[in-house]
Every structure is written in structure tokens, then in C-alpha cells.
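Visitor:
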Amino acid sequence: MIREMDSRIAAIDLNGSHIIRDCKAMLVFLRKQLIELKALTESTLFRDEAEEISFFKHHKPTLLGQLIYFHEILRIESQRPIGDDELDTYYEKRQEEQKLFFDRHVAFFQYYRSGATYMDKYYFLRGKQENIVNMDVCHLDDDSAFSTGYDHLVARIMAMEMLYAFLSVKRTNLRNGGENMSTELLKVKGFYKWTGTAIELVEIVYGLSEMDSINNGETPIHELAAFIGTLLNIDIRDCYSAYTDMKRRKNVSRTYFLDKMQERLNKRMEQDDDKEQKRK
């Protein structure tokens, strides 16, 4: 289900002229997927609390987050003004709305993005939220068998992060004369596509950010991910989820790709040294 969703999303050009049509098509597809997911939970019992927590903390929000994301893009693009200056201001105001959302939920956002688990049984097991007073997680799903409330909040966090990155790319394109930034770069450099995994590229993005190597480290992670992803034709706007997955690695290094890169680069230099020694 998730793989099919990713495949469909990868085929969409969110900088293209058919964005509204494509968003509507994705909404139809994602609603159908959500209905199927709900039917699956009705017919299949979770093995234990850990599986239920994983479902409402990760699996369902991944799908629901995309549904919210494309719904927001459709709303924003359907109401966009004419004129580059007006459009940039319009996009900026939409980003301000997202910043307010994160400010309002800063405690939960930090809990979720830190990979913490100590409140998972309250947040992501059904029937544990009888005394919820947070209006953003109250009554979001009439069927309490398919929602804890907080799964919806996680989905909104995912959607707002992706939407902020989407709008950042839109605004960058406007500042470059309305041209698609990636298209203009590719006209000069040719076609380049990231052929590794998304999480491997996210390792590089976080590494660049921590080294303050781009704009002196002042560029937010989601904007940096949007830029690099656009340049290399891969969607890594949900970089925070990938980062959380990196932190949860148990059997391999949490920076496996960067470690492997360092190992191979050192090996290459050692081989070059050997060749130079043999020439002498």
C-alpha cells in the first residue's frame, strides 16, 4: 500500500501546469487507500500493544499525512493570486500559518521528532484519551476504533512539514524569475537522479546541515531537503521521519551511509597512495 502510494507520488510534478488535476486524482486514490486500511484494521487484530502503537504512530499517519498534504496543496493552489509579487506574499502567509501550527504543538512535536516513547501508550493506543482537552485531537475521527486522535496530529505534522518545503521551493522558483529551479539547473548540467535510497540522501542532508556547509548553517533542514531533493529528482520532503528512522537503527550504525562513504573514500585514497608509491 505504501509502496504504491510512493510510486504514484513520484510520478507527480508539483511544479507542473496540471497540479490541481493531479492533486484531485491523488486525493481520490488516497481516500480509497485509507478506506482499505480501515477495513483491514477491522478484520485483523493487532498482535500486541507494540504493533498497535506502531500502526497509529507510523503506518496510518504516513498515509493520512499525504492525504492532508495534497488537500492543502489543492486548497492553496486553487486560491492562488495572479502576479509573482502577490503570489510570493500569498505563499509566505501560508508558511506563517504552518509556523503557528508548530508553535501551538511544540511539546508534542519535540516528543515525536526526538523518537521518544515514554508516552506512546497514551498517545497511540485506542481508548486512552478520554480526558483529552486539546481541540486539535478531539473528535477528529468519529470511529474510535480507527483513531487515537494523536495519530491525526502526527499526520498533520508530516503534512505541514512537507507543505512548508513545497512552498519554499515555490518561492525560490519565483525569486529565480518564475522558472523551475531544478529545470534550469538541469539544462546546464544534464539529467541527474539520486539512485540510492531516500534515507541515504537524508543522512547527507543532515550532515551538511550539522557542518554549517550551506548558507553558514542558516537554512532550515526542510528547505535544504527540498532543494537537494528537487535537484536530484527525489522526494525527501518528509526528512524528519527518515531522521527518526535513522535514530532507531539497532543492528547498524545510525549513520551507516556516511560511514560507508568515509570508508570507501579512505580506501580510494589508500589505493591512490599505493599506485604513487609503485611509480617511484
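For what it's worth, this note's numbering labels the leading residue of the sequence shown as -14, then goes sequentially. Ideal Cβ positions, reconstructed from N, Cα and C, are used throughout, including at glycine. None of these values were measured; they are calculated from a predicted model.
1) Give me the Cβ distance between Ile(-13) and Thr47, rounded to the nearest whole Å; I'm assuming they're in contact under 8 Å.
2) Does DSSP put Ile(-3) in a helix, a strand or coil?
3) Would you please state the rounded distance, in angstroms, between the beta carbons of Leu59 and Leu12? I believe it to be under 8 Å.
4) How is Gln64 classed by DSSP in three states: helix, strand or coil?
5) I want to see whether chain B comes within less than 8 Å of Leu152, judged by CB atoms only; does it?
6) Can you tell me whether Val91 is buried or exposed, with buried defined as 16 or more other CB within 10 angstroms of its CB?
7) Look at the alpha carbon of Ala144 and the alpha carbon of Glu21, and state the distance between them as a whole number of angstroms.
8) When you compare the CB positions of Leu110 and Glu34, do they come within less than 8 Å of one another, or not?
9) I think Leu25 touches Leu52, with their Cβ atoms under 8 Å apart; what is that distance to the nearest whole Å?
10) Going straight from the alpha carbon of Pro205 to that of Phe94, what length do you get?
11) Quick one: is Lys155 buried, meaning 16 or more other Cβ sit within 10 Å of its Cβ, or exposed?
12) Could you tell me whether the Cβ atoms of Ile199 and Leu209 are closer together than 8 Å?
13) Within the chosen definition, does the stretch 56 to 73 reach the stretch 239 to 247 through at least 3 CB pairs nearer than 8 Å?
14) So what's Glu203 in DSSP terms, helix, strand or just coil?
Guide: Taking the geometry as given:
1) 6 Å
2) coil
3) 7 Å
4) coil
5) Reference to chain B is not applicable here, since this structure consists of a single protein chain.
6) exposed
7) 21 Å
8) yes
9) Contact doesn't hold; Cβ gap of about 16 Å is too wide.
10) 16 Å
11) buried
12) yes
13) no
14) coil
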